[in-house]
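The opening position of the sequence shown corresponds to residue 662 in this note's numbering, with each subsequent residue numbered one higher. From the three backbone atoms N, C-alpha and C, an ideal C-beta is built for every residue, glycine too. Because the structure is a prediction, the values reported are computed rather than measured.
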Amino acid sequence: MRWPWKRTLGIATGRIGVPGTRPQATVSSIYDPNCDGDGVKYTAKNGDDSYELAHTLDMDMQGRYSAPKEAHWLLRRIYILTWIRSYDRPQAFADLIAGITLGLTIIPQSIAYAALAGLSSEYGLYSAFIGSIIYVFFGTIPQVSIGPTSLMAIMTLQFCADKPVQMVIVLAFLAGFVELLMGIFQLGFIVSFIPAPVTKAFTTGTAFIVVMAQLKSLLGIRLKKVTSMGDYFSNIRGSDASLGIACLCLLLSLRLLSQVKFKQETPLNQRLKKVLWYISISRNALVVFFSGLLVYMWVHRSSLDAVPFALSSKVSSAMPSFKLPPFAFEYQNRTYVFTDILHELGSGVILVPIVAVLANVAIAKAFVKDGKLDASQEMLTLGLCNLAGSFFSAMPTCGAFTRSAVSQASGVRTPMAGIYTGLIVLSALSILTPYFQYIPRASLAAVLIAAVVFMIDLTPIKELWPSNKKDFFSWTGSLIICLIAGVEMGLLFGIVVSMICILLRLGNPKIEVYLKQHESNFYVHVVPQSDIFYTGVDTLRSEIRSACLLYRNDFPIVLHCGRFMQFDATFVEMLMAVAKELARDKVLLVLQHMSLKQQQMLPVTGNIRFCDDDQQLFPLEAKQ
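Structure (structure tokens):
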């Protein structure tokens, strides 16, 4: 039984909908590699010729729909050069308002997050200052605000607790270096391997840990280690608890002001709504300011010892100074060198930058306008922010959803708003440093709890269980391990589980087998539901063998190849082996919808045919 060497199929490529124009036809060829007579054998050369012919387009049509020219690499890396030339007065005014608003938000957050990381207040402000300014020149998303976050604070605490502050600064340098390398080597795709359920579990676990850690400061508990619930409740200080709970209730109430709606949209109501919105987004600054003012007045009327609240640490000098990160230092009669620091930080050198990149890219995706996000550029920018921050004694940083939402609501137009935010932070460092010691720890704890409590998301319990059991157990396992063994182990668990699921899918691809009829002829149709990699060739071979046994080698095997993207050596060897096995049983193997480029990769063999659709199967056979 022989097939003719070629079958042609006309494909119209003329102008559609234009009267008087006749479509031009290109030719798609189906070859018999062993044809003789007047036919031409399938070779790499005629395969190339036919491939080029099949992909020829009308030049006018191609010109009309050509892709826009890519910007120069320098413009894509120093991103400010792409928009600064068209920067105008309305944009500058909008950025000024957004920058000032964000500055009032980031200052109390930075102080609180530094306390969460076990550091004094100025280290959080160092991070806010340098991150805001660096992002102006390299950042691509106007809403993103680089600075200290609850996520980075809890990660810093995880790896640097009870260690000298120099460890934190070196961690910021190493995290920035790893992030910079990830951007240079275009490793943005790594974030895609962390699925949404794992990210949600990680965020929920981190937020829950922050809330539990700050409850001690909120309630005035000063014990370093609580042995029992009785000790916990017996050491609650009434003054701190009263202030902390009052600040927390005030923060949650002020948060609702931005959601106030008026029945009529009059100009007065619109202005009032804007005022309420500004009060709402400034709630952290207002709470920190008035609680600090209360303590300040108390001290000046009596003394510092008479204050009934636990206060923040005293800051002697807070203006940032440029100096190299401490790669070697002495602490408590011990000299630490760089290798000692690496040993102390352990897996944090890798996990901290990965978590920072994950958070930053997620925020950038949420606020990108046209859907085109350069994840590698965001990695580069984040790396530069952390590297530069380490020269100003900053802690590790990344973007924050809360600050990005404030920027968006403030009408930010370009990353230039970061300049104004950075200047406000610098002003706070130069003017307000002596007053940081008057900020009650209970009010800072209330700010932190109010910021992260809404990050606790338990909706996957009801959403994932009925829809996807695998994702449900992945979310549950990651969350439990985050709470028991630490956030880095929970994230690692989720990544490992996801990778195992991917490998199982690659090793066991879904393949459907049908007995199909075309007119009066039958054939076995083997349809893989995804691309087949070398890990899945044994599954495909087993399905073809099973189909042959089931149908007693009575019908040709038609393998649908439309989902195959590329072949490797293992796949080609499997096809050749299957073709030989079928040849012994006098069963034809037909490769359907295989591109000509892929056909060239297969050695010439007499039992393999190629076709595009059902009509090309049996009408051709009838002519033999």
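Return no unless some Cβ of chain D is closer than 8 Å to the Cβ of residue i.
i             : result
arginine 1224 : The structure shown contains no chain D; it holds only a single protein chain.
Kindly identify the DSSP beta-bridge partner or partners of residue i.
i              : result
proline 1101   : Leu972
glycine 1155   : Answer is none; glycine 1155 lacks a bridge partner.
arginine 1270  : Val1251
tyrosine 992   : Arg995
glycine 808    : Cys1059
histidine 1221 : Gln1253
So, under 8 Å CB-CB, residue i and residue j are touching, yes? Tell me the CB distance rounded to an integer number of Å.
i                  : j                 : result
alanine 773        : leucine 909       : No, alanine 773 and leucine 909 are not in contact; Cβ-Cβ is about 13 Å, not under 8 Å.
valine 1086        : alanine 755       : Wrong, their Cβ atoms sit about 20 Å apart, outside the cutoff.
valine 797         : glycine 1079      : 4 Å
phenylalanine 1232 : tyrosine 1195     : 6 Å
phenylalanine 923  : glycine 1151      : With 8 Å as the limit, phenylalanine 923 and glycine 1151 do not qualify as a contact, their Cβ atoms being about 44 Å apart.
leucine 1048       : phenylalanine 834 : 6 Å
proline 981        : leucine 884       : Proline 981 to leucine 884, Cβ: 34 Å. No contact.
valine 948         : leucine 912       : 6 Å
threonine 810      : methionine 1116   : The Cβ separation is near 11 Å, so there is no contact.
glutamate 840      : methionine 1040   : 5 Å
Going straight from the alpha carbon of residue i to that of residue j, what length do you get?
i                  : j               : result
lysine 706         : leucine 1263    : The predicted model places lysine 706 with a pLDDT of 42, which falls under 50 and marks its position as unreliable; any figure quoted below should be read in that light. Cα to Cα, lysine 706 sits roughly 14 Å from leucine 1263.
proline 803        : isoleucine 761  : 14 Å
threonine 1305     : isoleucine 830  : Not covered by the structure: residue 1305. The range shown for the chain is 662 to 1285.
valine 1251        : alanine 1025    : 47 Å
aspartate 1199     : methionine 1235 : 8 Å
valine 1018        : tyrosine 1099   : 35 Å
glutamine 752      : arginine 1064   : 19 Å
tryptophan 744     : leucine 972     : 45 Å
aspartate 699      : cysteine 1272   : For aspartate 699, the predicted model reports a pLDDT of 43, less than 50, meaning its position is unreliable; a value from the coordinates is still stated below. When rounded, the distance between both Cα atoms is 20 Å.
phenylalanine 1154 : valine 1010     : 18 Å
asparagine 896     : glycine 1138    : 34 Å
threonine 1000     : glycine 1007    : 11 Å
isoleucine 791     : isoleucine 815  : 20 Å
leucine 780        : serine 1054     : 11 Å
glycine 800        : glycine 905     : 37 Å
valine 1219        : histidine 1186  : 5 Å
glycine 808        : glutamine 770   : 9 Å
proline 825        : alanine 1107    : 26 Å
valine 1239        : isoleucine 1193 : 15 Å
serine 1128        : threonine 1120  : 13 Å
lysine 886         : valine 998      : 31 Å
serine 1071        : isoleucine 758  : 7 Å
serine 1088        : isoleucine 767  : 13 Å
phenylalanine 1073 : glycine 764     : The identity of residue 1073 in the sequence shown is valine, whereas the question assumes phenylalanine. Roughly 13 Å separates the two Cα atoms.
asparagine 945     : serine 903      : 18 Å
proline 1101       : glycine 953     : 7 Å
isoleucine 1163    : isoleucine 1092 : 54 Å
leucine 742        : alanine 1023    : 25 Å
valine 960         : tyrosine 1096   : 12 Å
valine 1265        : arginine 1202   : 20 Å
lysine 702         : serine 1256     : Here lysine 702 scores only 41 on pLDDT, less than 50, and its place in the model is too uncertain to base an answer on.
arginine 1245      : leucine 1211    : 17 Å
Nearest CA to the CA of residue i: which residue from the options?
i                  : options                               : result
arginine 916       : Trp938, Arg898 and Gln925             : Trp938
valine 956         : Arg932, Leu947 and Pro969             : Pro969
tyrosine 1184      : Val1248, Glu926, Ile807 and Leu780    : Val1248
glutamate 1204     : Val1174, Gln1190, Phe1225 and Gly1072 : Val1174
glutamate 991      : Met828, Gly785, Arg1213 and Tyr748    : Met828
phenylalanine 838  : Gln1253, Phe854, Val1067 and Gly1044  : Gly1044
glutamine 993      : Asp823, Val936 and Lys730             : Asp823
valine 618         : Ile758, Ser1135 and Leu1210           : Coverage of the chain is limited to positions 662 through 1285, which leaves residue 618 absent and any answer about it impossible.
isoleucine 845     : Glu783, Cys1143, Ser1037 and Asp1229  : Ser1037
phenylalanine 1216 : Thr1082, Lys1123, Leu1119 and Lys1177 : Lys1177
leucine 1105       : Ala775, Tyr740 and Glu1242            : Ala775
glutamine 875      : Ala1103, Gly1197 and Leu1257          : Ala1103
proline 1076       : Leu735, Tyr748, Gln1260 and Lys730    : Tyr748
aspartate 1132     : Ile1002, Pro856 and His961            : Pro856
aspartate 1229     : Gln1261, Thr817, Leu1243 and Gln1253  : Gln1261
valine 1188        : His1221, Pro986, Leu947 and Glu1242   : His1221
threonine 1058     : Glu783, Ser941 and Leu812             : Leu812
glycine 1050       : Glu1124, Tyr784 and Leu736            : Tyr784
phenylalanine 850  : Ser943, Leu1109, Tyr740 and Asp1035   : Asp1035
tyrosine 893       : Gly899, Gln920, Ala907 and Lys877     : Lys877
methionine 654     : Ile1269, Cys1143, Asn1214 and Leu848  : Residue 654 is absent from the model: the chain starts at 662 and stops at 1285.
Just to check, is the beta-carbon of residue i closer than 7 Å to a non-hydrogen atom of the ligand SAM?
i             : result
threonine 766 : For the ligand SAM, the structure offers nothing, since it holds no ligand at all.
Next on the checklist: Suppose only complete runs of 4+ residues qualify. What are the alpha helix (DSSP H) ranges in the stretch 996–1083, listed by chain order?
Outcome noted: Correct list: 999–1006, 1009–1028, 1036–1051 and 1062–1070.
Checklist entry - Curious, which full-length beta strand (DSSP E) runs of at least 3 residues does the stretch 1141–1188 contain? => result 1172–1179
Item to check | Minimum length 4: unbroken alpha helix (DSSP H) runs contained in the stretch 835–882 | outcome: 857–880
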